[in-house]
Amino acid sequence: MYKDRKIYLCAFANLDLYPSVLRLKKQAESFNIFDEILIYNEYNLPYDEKFETLLRNKLVPSRGFGYWCWKPFVVLKTLESMNDNDILLYADIGCHLNIEGMNRFLEYLDIVIDNGSLCFELPYLEKEWTKSDLFNYFNVINDKNITDTFQRAATSFFFIEK
């Protein structure tokens, strides 16, 4: 609990990464701030008929365990289970929570409370790393407000449930 808000940690790892699950869970517990630590795997994902129909067969031991198709799903399902104003930290299973950085972590929580989210910027322009098919699909190929912006990391981010 932080400033009357529950703090959730959400991650995903297939069972081959179980040692990383144990490490991240231990690190999160050492912070003594998380009310819920939810580490999903291919067997304990919340049931969702649409996900099962469209994406379950994509969960294979390959890049991103199915090109990370599970990531928006686990983030959404976790947010849906939270109360208003609770805070979610999503972190890839390879991330580390360093207890020596606890003061910075608390600063991050304050930023999230003030702004509703906290995402981290990469030094790579969208137009240099995003397939043009995606820009074309959304009809933004010539929109420099999108193509000439820096990418956001999907490795870890914070959201407030609203």
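Here the numbering used here is used: the first residue of the sequence shown is -14, the next is one more, and so on. Note that the Cβ used here is the ideal one computed from N, Cα and C, for glycine as well. Note that this is a predicted model, so its numbers are computed, not measured.
*Helix or strand or just coil, what does DSSP make of residue 98?*
helix
*DSSP bridge partner residues for residue 141 (one or two, in chain order)*: 76
*In three-state DSSP terms, what is residue 103?*
strand
*Between the stretch 59 to 75 and the stretch 109 to 116, do at least 3 Cβ pairs fall closer than 8 Å?*
The answer is no - the stretch 109 to 116 does not touch the stretch 59 to 75, with fewer than three Cβ pairs under 8 Å.
*Which class does residue 93 belong to by DSSP, given the choice of helix, strand or coil?*
Annotated three-state conformation of residue 93 is helix, per DSSP.
_Taking a contact to mean a Cβ-Cβ separation below 8 Å, would you say residue 18 touches residue -7 in this structure?_
No, Cβ-Cβ distance for residue 18 and residue -7 is not below 8 Å.
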